[in-house]
Structures are given as C-alpha cells and as structure tokens.
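Numbering (my numbering), first residue to last: 79 to 206.
Virtual Cβ for every residue (Gly too), placed ideally from N, Cα, C.
Below is one structure; the comments refer to it alone.
This is the structure we're talking about:
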C-alpha cells in the first residue's frame, strides 16, 4: 500500500484534472462519482462487525474476500476437530490481518476511490 501522503497527492492531481474539464463533462464526472465512490465508514463497519472479509466484497475485491472468508470459515470449523490449535492460529492470523485493514480503512478506501475517479475521468476524456 502506498503512503497516505502519496494517496492524497494523487487525489489532488485528479481533482485538478477534473476542474479543467468543460462544464458538461465535469457535471457527468460528479454524477458518476457520486454513484461509484465507497464510504470509508461502511468499509470499517463491515470489517469490524464481520471479520470474515465482507469489507473486501464491498470494494469489489472478490478474490481477497473469498480467501479471507475461507480462512475464517476453516479456522472456525477446525475449532471443533482435533486440529483445534490450527483453528485458533488461523482465526488469530485472520483477525490480526483484518485489524490492520480496519486501522487503515480511510487510506484503503481513499486509494480505491482515487482509482474510481481516475477511471471515470479517463472515460470522459476518451469520449471527448
């Protein structure tokens, strides 16, 4: 993951480009952005309440979400088998990884949103 400062600089670069768009294109940009941007608080809530990776699905990261959910599920199942120690280890590992994501929720979502804004901007510029 890039630094918070680099992500903020990227957002400012995109905003400057958007300000240079003609009024109609700028309006289109903001209408599309309003629909597509993700909320950091929703991401953090999904992470906090459901440590099983649902926050990854929220950002469209299906593979990562499935991996997290699978590890969480496997760890839970192993708690009821002779491999209880492995189950505890998997649950602790996924919990630590997800706590790191929770503490970085603002940055993760801002970086995602920058990608969305960049994609929308490029689509509008290509359509000129």
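Can you tell me where the alpha helix (DSSP H) with residue i in it begins and where it stops?
i           : result
residue 135 : 132-136
residue 142 : 140-156
residue 201 : 183-204
Rounded to whole angstroms, what is the Cα-Cα separation between residue i and residue j?
i           : j           : result
residue 198 : residue 132 : 25 Å
residue 83  : residue 148 : 33 Å
residue 209 : residue 171 : The chain is shown only over 79 to 206; residue 209 falls outside these bounds and no answer can be derived.
residue 167 : residue 152 : 11 Å
residue 155 : residue 164 : 10 Å
residue 138 : residue 162 : 32 Å
residue 169 : residue 120 : 23 Å
For residue i, which residues of its own chain have a beta-carbon under 7 Å away from its beta-carbon, when the five flanking residues on both sides are left out?
i           : result
residue 195 : 92, 111
residue 125 : 133, 176, 179, 180, 183
Nearest CA to the CA of residue i: which residue from the options?
i           : options            : result
residue 177 : 146, 81, 157, 82   : 146
residue 142 : 175, 82, 90        : 175
residue 136 : 154, 81, 115       : 115
residue 144 : 155, 96, 130       : 130
residue 86  : 203, 205, 187, 202 : 187
Under 6 Å Cβ to Cβ from residue i, same chain only, skipping five residues before and after it: list those, please.
i           : result
residue 150 : 130, 172
Open item on the list: Give the list of continuous alpha helix (DSSP H) stretches no shorter than 4 residues that lie fully inside the stretch 87-127.
Closed with: Listed in chain order, the complete alpha helix (DSSP H) runs (minimum 4 residues) inside the stretch 87-127 are 101-114, 118-127.
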